[in-house]
Amino acid sequence: MKLPRQLQDMNVHGDGNSFLGECQKFTRPKLAEKLEEYNSGGLLTAVQISTGRLEALECTHAYGGDMPTLNKGFGAAQLDANQLRFSGAYQNDATGALDDVQIVIRGKHVEIDSGDDEIGSKSGTTYKTNCVYYKQTRNGVVEFEIDVLNNVFIVYGVDRRAEIRAIIGG
Numbered sequence: 091m092k093l094p095r096q097l098q099d100m101n102v103h104g105d106g107n108s109f110l111g112e113c114q115k116f117t118r119p120k121l122a123e124k125l126e127e128y129n130s131g132g133l134l135t136a137v138q139i140s141t142g143r144l145e146a147l148e149c150t151h152a153y154g155g156d157m158p159t160l161n162k163g164f165g166a167a168q169l170d171a172n173q174l175r176f177s178g179a180y181q182n183d184a185t186g187a188l189d190d191v192q193i194v195i196r197g198k199h200v201e202i203d204s205g206d207d208e209i210g211s212k213s214g215t216t217y218k219t220n221c222v223y224y225k226q227t228r229n230g231v232v233e234f235e236i237d238v239l240n241n242v243f244i245v246y247g248v249d250r251r252a253e254i255r256a257i258i259g260g
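According to this note's numbering, the stretch in the sequence shown is residues 91 to 260, in order.
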């Protein structure tokens with residue numbers, strides 16, 4: 091029987107600091123091709139063609155309180171000023187097998203939402219990070235690696251931009 095893998099536990103590290111017990115939610119960047127509608131004679135309907143680009147990468151991560159370590163990176167000038175690493179243990183309940191999922195992002199913290207402060211209630215802070223680097227591995231195998239600044243786009247070992255970089259001299 092096939093069952094989905096469920097996240098059993100996780101941790102997030104930021105700029106060398108562990109946030110074990112503090113990070114409540116980590117939302118990976120959505121991976122989406124940038125498409126453009128095209129229609130011409132001979133086509134029954136419009137088709138979506140690739141522009142050769144991806145949509146901007148954005149990650150959100152939420153914590154059980156204010157995170158001074160992350161706050162220090164807010165407003166940095168460099169596009170890759172902040173680094174985060176997500177470590178997740180996903181288990182298949184049918185087999186008991188565990189998957190080690192590691193995600194590394196580099197980018198810039200562009201939003202801090204501390205919500206409401208109320209006496210006697212839990213507070214939380216959500217951060218938004220615009221990413222220029224994203225790497226996802228599962229059990230040591232690179233599934234995705236996107237390096238925006240160096241024009242690298244790898245999917246399961248295939249660098250989809252290598253030939254283009256060679257042609258343009260990048």
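We put the CB at the ideal spot given by N, CA and C, even for glycine.
Practice problem: Check whether the Cβ atoms of V248 and V238 sit closer than 7 Å, and answer yes or no. | Solution: no
Quiz item: Excluding the five sequence neighbours on either side, which residues of its own chain have a C-beta within less than 8 Å of the C-beta of V232, listed in chain order?
Solution: K225, Q226, I244, Y246, G247
Self-check item: Residue closest to N229, alpha-carbon to alpha-carbon, out of D190, I209, E253, N241
Solution: D190
Exercise. Please name the residue or residues paired with E148 in a DSSP beta bridge.
Key: N220
Quiz item: Hey, quick one: how far does the beta strand (DSSP E) through N182 stretch, first residue to last?
Solution: 172-182
Quiz item: Can you tell which of K212, G132, G165, M91 has the C-alpha that lies nearest to the C-alpha of G197?
Solution: G165
Quiz item: In whole angstroms, what separates the C-alpha of N161 from that of E201?
Solution: 10 Å
Quiz prompt | For Y180 and L174, believed in contact at Cβ under 8 Å, the rounded distance | solution = Their Cβ separation, rounded to whole angstroms, is 18 Å, which puts L174 and Y180 out of contact at 8 Å.
Quiz item: Could you give the residue range of the beta strand (DSSP E) that holds R196?
Solution: 188-203
Quiz item: Can we say the stretch 110-120 touches the stretch 140-154, given the rule of at least three CB pairs closer than 8 Å?
Solution: yes
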